[in-house]
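In this note's numbering, the protein residues as written are 1 to 59. For glycine and all other residues, C-beta sits at the position ideal for the given N, C-alpha and C. None of the values given here were measured: they were computed from a predicted structure.
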């Protein structure tokens with residue numbers, strides 16, 4: 001996470017994308033985020049976490 005006083009455009013974009021994917025997946029595809037029975041939702045979640053880790057490490 002960025003330190004105090006910094007503006008994180010990348011963090012804001014990632015947050016908006018994750019929220020949008022969650023809402024669209026829930027409303028239009030019936031995804032349930034209570035477990036690991038939805039492979040697409042889990043894959044997206046893993047991709048976001050890996051992306052954030054790579055960003056923090058090299059960004």
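Item	Value
Compare the Cα-Cα distances from residue 43 to each of 54, 15 and 21 and report the closest residue.	21
Tell me the DSSP secondary structure of residue 60 in three-state form.	Here the chain comprises residues numbered 1 to 59, so residue 60 is not present and cannot be evaluated.
So, at 8 angstroms on beta carbons, what are the nonlocal neighbours of residue 52 in its own chain, with the 5 sequence-adjacent residues on each side left out?	14
If we ignore side chains and look at the alpha-carbon of each, how far apart do residue 50 and residue 56 end up?	10 angstroms
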